[in-house]
Amino acid sequence: MRKILIIEDDPEVRKMLVSSLQSRGFEIIEAANGRAGVQLAQVYMPDLILSDIKMEGFDGYAALAAVRYQPLTSAIPVVLMTGHPDEQGRRFAMELGADDYLAKPFTISALLATIQIQLKKQEAIKDRALKLAVTRHESIDEAPSAQTRTPEPPSASLVQDARSSSEVATPRDAARVVADAIPVPTFSRTAVPVSMPVDNVETLVETYLRMLNRFHPNLGNTAMRAVALCRTMGETLKLSAADSQNLCWAAALHDISLVGIDREAVGRWLRDPRKVTEEEDAFIKRHPIESQEMLSDVTIFQTAGGIIRAHHENWDGTGYPDGLKADAIPWLARLLSAAISYCGQHTLGIPAVKQLKTHSGTVFDPAAVQAVAEAAAIAKFS
Numbered sequence: 002m003r004k005i006l007i008i009e010d011d012p013e014v015r016k017m018l019v020s021s022l023q024s025r026g027f028e029i030i031e032a033a034n035g036r037a038g039v040q041l042a043q044v045y046m047p048d049l050i051l052s053d054i055k056m057e058g059f060d061g062y063a064a065l066a067a068v069r070y071q072p073l074t075s076a077i078p079v080v081l082m083t084g085h086p087d088e089q090g091r092r093f094a095m096e097l098g099a100d101d102y103l104a105k106p107f108t109i110s111a112l113l114a115t116i117q118i119q120l121k122k123q124e125a126i127k128d129r130a131l132k133l134a135v136t137r138h139e140s141i142d143e144a145p146s147a148q149t150r151t152p153e154p155p156s157a158s159l160v161q162d163a164r165s166s167s168e169v170a171t172p173r174d175a176a177r178v179v180a181d182a183i184p185v186p187t188f189s190r191t192a193v194p195v196s197m198p199v200d201n202v203e204t205l206v207e208t209y210l211r212m213l214n215r216f217h218p219n220l221g222n223t224a225m226r227a228v229a230l231c232r233t234m235g236e237t238l239k240l241s242a243a244d245s246q247n248l249c250w251a252a253a254l255h256d257i258s259l260v261g262i263d264r265e266a267v268g269r270w271l272r273d274p275r276k277v278t279e280e281e282d283a284f285i286k287r288h289p290i291e292s293q294e295m296l297s298d299v300t301i302f303q304t305a306g307g308i309i310r311a312h313h314e315n316w317d318g319t320g321y322p323d324g325l326k327a328d329a330i331p332w333l334a335r336l337l338s339a340a341i342s343y344c345g346q347h348t349l350g351i352p353a354v355k356q357l358k359t360h361s362g363t364v365f366d367p368a369a370v371q372a373v374a375e376a377a378a379i380a381k382f383s
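Here the working numbering is used: position 167 in the sequence shown is 168, and no number is missing along the way.
Right, here's the structure in full:
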């Protein structure tokens, strides 16, 4: 029985999808949000993921990016659904690694056709990978002086063979061949933090930054400036390599959960926090927690997640989400808070530093303000 993971925050839509697909013989796993979906994908390893895009806190784009850059799930076909289709969104979904993009409302027959196409494609890729693996094994068995040979990494060879064996092979297909060539270990049915190579981490950070920039360019620009400034502060303050790296990751990812909130509301909040409703304000004020939770499943981001959680805490104790005060706020979070405020100004340099200093001792740690001012004078903002 083929297994499908449905990630959909609307209970009625999810119920309809579950009922329709179960009646056609599929085994269904349900998730009410993107974060839960990513965890369930690691545990149950579905044959296909069907995910809505617009969800609060951790949307379909974020779920797709997380699935693609976690080795266990990187080869699973993902079909995104949206009630607000547009060409830019479709193109962005494909860049992130989506296999298809369905516009709501759609018929069950259209959904089934899409699912069958992706499952057949996946089966063909697995068959090709198996044949390539058998051929490789036979070649090695027949080769003379086998003990003197240095075997080529099977995944690299299989990818090359896969690309040359089919005119329609794509990088996504190649990734699936690699995944199928690697034995999958047995896991307990408990979600656990995932480790990944540094190259994958940097790619994931870049993907999240692009996603944030697409959602709201002001957020993306501020995050990219903050990364540059935090990198410079790591040098001027002589932070350890680990602290500097975690500070830069936190700068890049601190607002990532805002993509799950209404864009127009976020825009009003950026212009003037008093312009949002009480309900919108409550959602927005949870974003440090949501951002931390989004990153908590990737082991290497857990320290950065703690920094992110505290980046809206104020020196005088009036901030959120935990109302921390003064030295109770982690030092790196104090640096990040001041850096973000500086980088969010329309004009950098002396005017931005003056604006920052007006809140020194109330919103910001005076030492953090001084650190930002010194680093900003020599930082290179692209």
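Heads up, the beta-carbon is just placed ideally off N, CA and C, and yes, glycines get one too.
Under 7 Å between the Cβ atoms of residue i and residue j?
i    : j    : result
L248 : Y209 : no
A251 : I309 : yes
A372 : M212 : no
M225 : F59  : no
A334 : A311 : yes
P78  : D53  : no
G35  : A63  : yes
Y102 : L120 : no
A32  : L41  : yes
A339 : F302 : no
T237 : A376 : yes
I262 : S292 : no
For residue i, list the residues DSSP reports as bridge partners.
i    : result
D101 : V80
E28  : K4
D53  : M82
By the three-class DSSP mapping on this structure, what secondary structure does residue i have?
i    : result
K381 : coil
A311 : coil
F365 : strand
D263 : coil
N34  : coil
M46  : coil
F216 : helix
P106 : coil
M197 : Note that M197 scores 49 on pLDDT, short of 50, meaning its location in the model is unreliable; the coordinates nonetheless yield the value given after this. Residue state, collapsed to three classes: coil.
S75  : coil
T359 : coil
E9   : coil
K16  : helix
Whole angstroms is fine: what's the gap from residue i's alpha carbon to residue j's?
i    : j    : result
A104 : A374 : 48 Å
D328 : S21  : 55 Å
I29  : T223 : 40 Å
G268 : R3   : 42 Å
R287 : V260 : 13 Å
A163 : T115 : Because A163 sits at a pLDDT of 41, beneath the cut-off of 50, its placement in the model cannot be relied upon, and the point is left open.
Q23  : H85  : 26 Å
I290 : A37  : 15 Å
D298 : T304 : 12 Å
T74  : A67  : 9 Å
P88  : M95  : One detail in the question is off: residue 88 reads as Glu in this sequence, not Pro. Spanning the two alpha carbons is a distance of roughly 11 Å.
L113 : A229 : 47 Å
I118 : E280 : 42 Å
R264 : H217 : 7 Å
I7   : P47  : 10 Å
G1   : R69  : An answer regarding residue 1 cannot be provided, because it is not within the stretch 2 to 383 covered by the chain.
G345 : K122 : 45 Å
I284 : M56  : Checking the sequence, you will find Phe at residue 284 rather than Ile. Near 13 Å, if we compare the C-alpha coordinates of M56 and F284.
I50  : R215 : 23 Å
Is residue i close to chain D? Criterion is C-beta to C-beta, closer than 7 Å.
i    : result
V299 : This model lacks chain D altogether; it includes just one protein chain.
**Request:** Enumerate, from N- to C-terminal direction, the unbroken alpha helix (DSSP H) stretches of 4 or more residues contained entirely within the segment 267–341.
**Result:** 279–286, 288–296, 303–310
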